[in-house]
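Numbering (the working numbering), first residue to last: 815 to 1294.
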């Protein structure tokens, strides 16, 4: 079971207030984010399947209730209510692994107000963190330009144990090939891998003995760490000695560099390996890599076959968090849903009202052109000109002409109803393949590391009219 105490305290005090005041209408909440991380052009929406599993099993245990009672804040009747609590809502969401953009409702929650508040923190925690890490992994994979696989080695640098496991999952969805995190390998069925530590080599009398012992134990996965003492001296010499012994047995080796100039050293080592007749030996590099360093090394034609990345991958590097938020979009009054919105002096923080859908438009080659946020009950007609309004400007718009697109698809689909999944949890490799396929639908200009082209996300004419109307009414009310 998942403890429903994984929530901010004010969610529970509000929930008690709703309960005692008998104010618990049906509502719709949207989860979306405001700006792209890493100065990039997109995110990979990740964390959904983990979230759905937790929501199916969400409850307050006897120990949880006893703890809440000890705080002296909650009344007995509310605690009795919590003791039988189960999430009962319906969730619409993008498919996990879908590239997404600022302002789009990625998750739409239909439930009662108490339910919606209790799950808010858990939802944001799962989606924000995993989407951030999957996006970072995706950027790193793109930076390799197909030159070598990325191995996620982040367990010891991650934000706690739970963060490490979630980061391993998200990294794999973003495109890494293996993890060093054995528990994550078991839990999520991610391939696991590892090489050796400097301590292995230091525990032997010399590098040849250390490498030879490792090769005898692991002849089919023999990656030798050559920078313990002298990378271009004893390290590569010992690796070549053992590599030639393994070659006679029909096996091959790899070498790993964890320090020094990662542009210069692999070039010298590649030449040394080739001159020794070890042309099939591979080179792995690690040491605080990020996507900028990877891209520079690839552009410099550095001979690297794989990349071991930890810190900057599993922590998000220079981006602490994804700024995802969770806002009320509609509430039931007298049997019908009334659109609601947050109005701010900062127009970009003014939310989009109502129950919404997102459509992605494609051209004849299957390339994504733009996304349109609409009201859920709108009907778009294929093969017509459709206006796309700027999300922050009431005047700026362009026309998606019928000659420019061939079809569009809804991105929000029902994933959970009455607190239960509507399908079995997909295997993580299926989600990874989905993420790779979906990202390939976008022009490379949207995926640039620096100054990516801005992908158009617009509002439909009906949503724009509703938003303008509610803003005007809000101003009129404030000016009375």
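The beta-carbon is built from N, C-alpha and C at its ideal position, and this holds for glycine as well.
Shortest Cα-Cα distance from residue 1153 to any of 1029, 1288, 1244, 1239 involves 1288. Here residue 1207 is exposed. Its C-beta has fewer than 16 other C-beta atoms within 10 Å. In this structure, residue 1183 keeps its C-beta atom at 7 angstroms or more from the C-beta atom of residue 1274.
Residue 829 sits close to residue 928, with the two beta carbons spaced by under 7 angstroms. Taking a C-beta distance under 7 angstroms as the contact criterion, residue 1006 and residue 993 qualify as a contact pair.
In this structure, the CA atom of residue 997 is about 35 angstroms from the CA atom of residue 1141. According to the DSSP assignment, residue 1160 belongs to no alpha helix (DSSP H), since it is labelled neither H nor E.
Close CB contacts of residue 1151 within its chain, under the 6 angstroms cut and outside five residues either way in sequence, are with 1144 (chain order). In the three-state scheme derived from DSSP, where H, G and I count as helix and E and B as strand, residue 889 is classed as coil. Judged by pairs of C-beta atoms under 8 angstroms, the segment 931-944 does not touch the segment 1081-1091, as fewer than three such pairs exist. In this structure, the beta-carbon distance from residue 1108 to residue 954 falls below 7 angstroms. Contact check for residue 957 against residue 987 fails: the beta carbons are separated by 7 angstroms or more.
Taken in chain order, the whole alpha helix (DSSP H) runs of length 4 or more contained in the segment 1069-1107 are 1078-1089.
As for any alpha helix (DSSP H) of minimum length 4 sitting wholly inside the segment 1123-1161, the runs are 1125-1128, ordered along the chain. Secondary structure note for residue 818: it is in no beta strand (DSSP E), with a DSSP letter that is neither H nor E.
Excluding its 5 nearest sequence neighbours in each direction, residue 1216 has C-beta neighbours in its own chain below 7 angstroms: 1197, 1198, 1199, listed in chain order.
Between residue 1039 and residue 1010, the CB-CB gap stays under 7 angstroms.
Three or more beta-carbon pairs drawn from the segment 1050-1058 and the segment 1013-1032 are found closer than 8 angstroms, and the two stretches are therefore classed as touching. Within the DSSP bridge table, the entry for residue 1038 names 1069 as partners. Take residue 1072, set aside five residues on each side of it, and the residues of its chain with a beta-carbon closer than 6 angstroms to its own are 1041, 1100, 1101, in chain order. For the segment 874-961, the continuous alpha helix (DSSP H) assignments of 4+ residues that do not extend past its boundaries occur at 876-884, 890-897, 927-958, in sequence order. Three or more Cβ pairs closer than 8 angstroms define a contact, and the segment 857-865 falls short of that threshold against the segment 960-968. For the 7 angstroms CB-CB criterion, residue 1133 and residue 913 do not form a contact.
Note on geometry: alpha-carbon atoms of residue 926 and residue 858 lie some 29 angstroms from one another. Distance check between residue 889 and each of 1069, 833, 816 places 833 closest, using alpha-carbon atoms only.
In this structure, the straight-line span from the alpha carbon of residue 919 to that of residue 904 is close to 15 angstroms. Within the same chain, Cβ atoms closer than 8 angstroms to the Cβ of residue 935 are found at 820, 821, 822, 825, the five residues on either side in sequence being excluded. Sorting 1045, 1220, 1167 by C-alpha distance to the C-alpha of residue 917 places 1167 at the top. Rounded to whole angstroms, the gap between the alpha carbons of residue 1115 and residue 1092 is 20 angstroms. Cβ contact annotation for residue 892 (same chain, cutoff 6 angstroms, sequence separation greater than five): 830, 833, in chain order. DSSP lists no bridge partner for residue 1196. As for any alpha helix (DSSP H) of minimum length 4 sitting wholly inside the segment 1003-1063, the runs are 1012-1016, 1021-1031, 1050-1062, ordered along the chain. The Cβ neighbour count for residue 1272, taken over all protein chains shown within 10 Å, is at least 16; the residue is labelled buried. Residue burial is scored here from C-beta neighbours: residue 1177 has fewer than 16 other C-beta atoms within 10 angstroms and is therefore classed as exposed. With fewer than 16 other Cβ atoms inside 10 Å of its own Cβ, residue 1237 counts as exposed.
In its chain, beyond the 5 residues on either side, 957, 1263 have a beta carbon closer than 8 angstroms to the beta carbon of residue 1106.
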